Amino acid sequence: MKGKTCAPARNESGTLPVATVGKQSPYNPGEKQMSVSDEKTTVSDGILLSDAAAAKVKALLDQEGRDDLALRVAVQPGGCSGLRYQLFFDERSLDGDVVKDFGGVKVVTDRMSAPYLGGASIDFVDTIEKQGFTIDNPNATGSCACGDSFS
1 MKGKTCAPAR NESGTLPVAT VGKQSPYNPG EKQMSVSDEK TTVSDGILLS
51 DAAAAKVKAL LDQEGRDDLA LRVAVQPGGC SGLRYQLFFD ERSLDGDVVK
101 DFGGVKVVTD RMSAPYLGGA SIDFVDTIEK QGFTIDNPNA TGSCACGDSF
151 S
């Protein structure tokens, strides 16, 4: 979309607001936010990693010479639709993390992101048209035209 910027809403102090799904943002009317859920998230509620994605993650870890890292998948406020995925390698273990193992590849989700990622599947595509990780999330109700964020 020409002229449309993908930037998270900020409050008066310039920081990102604490998000609560289903509630209207006090900082940006009409925008939904996310929050930490008090419900316990079990491993069975976690992310699914395809064989192709697990193989690619393993290859990247082997290339780095690190076997102590996990693939952390997080959801952060941002993008045109309000929420944005983040995938990165992490050696930290945070309180409330949901950890799942896929053939030696650890996938970690923080407790705030877990409710938004339950049942989501991550795949790796390598075609002539595109290469990269894709996320199919049954919890997403919409996404922006650029495909960079979801709601």
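So the sequence shown is numbered by full-length UniProt numbering: it starts at 1 and just counts up by one. Think of the CB as a built atom: it goes at the ideal place given N, C-alpha and C, for glycine as much as any other residue. Fair warning: this is a prediction, and the values are worked out from it, not measured in the lab.
For this session: Using three-state DSSP, classify Lys56 as helix, strand or coil.
Result: Locating residue 56 in the sequence shown gives position 56, counting from the first residue. Judged by DSSP in its simplified three-state form, Lys56 adopts helix.
Problem set entry | Cβ distance (whole Å) where Val108 is taken to contact Ala70 below 8 Å | Within the sequence shown, residue 108 is the residue found at index 108, counting from 1. Within the sequence shown, residue 70 is the residue found at index 70, counting from 1. The C-beta distance from Val108 to Ala70 rounds to 4 Å, short enough to meet the 8 Å contact threshold.
Exercise. What is the rounded straight-line gap between the Cα of Asp123 and the Cα of Ser113?
Worked result: For the purposes of this step, residue 123 is taken as residue 123 along the sequence shown, with counting starting at 1. For the purposes of this step, residue 113 is taken as residue 113 along the sequence shown, with counting starting at 1. Rounded to whole angstroms, Asp123 to Ser113 spans 18 Å at the Cα level.
Problem set entry | 8 Å contact criterion, which Gly96 and Asp110 should meet: CB distance rounded | Numbered from its first residue, the sequence shown carries residue 96 at position 96. Numbered from its first residue, the sequence shown carries residue 110 at position 110. That pair is a contact at about 7 Å.
Exercise. So what does DSSP say about Leu87, is it helix, strand or coil?
Worked result: Translated into the one-based positions of the sequence shown, residue 87 becomes position 87. Correct three-state label for Leu87: strand.
Problem set entry | Proximal residues to Ala52 (C-beta, below 7 Å), its chain only, five neighbours per side dropped | Numbered from its first residue, the sequence shown carries residue 52 at position 52. Contacts found: Asp123 and Phe124.
Exercise. Which same chain residues, not among the five before or five after Leu117, have their C-beta less than 8 Å away from its C-beta?
Worked result: Along the sequence shown, read from residue 1 onward, the residue named residue 117 stands at position 117. In the same chain as Leu117, and ignoring 5 residues on each side of it, the C-beta atoms closer than 8 Å to its own belong to Gly46, Ile47, Val73, Val75, Thr109, Asn137 and Asn139, in chain order.
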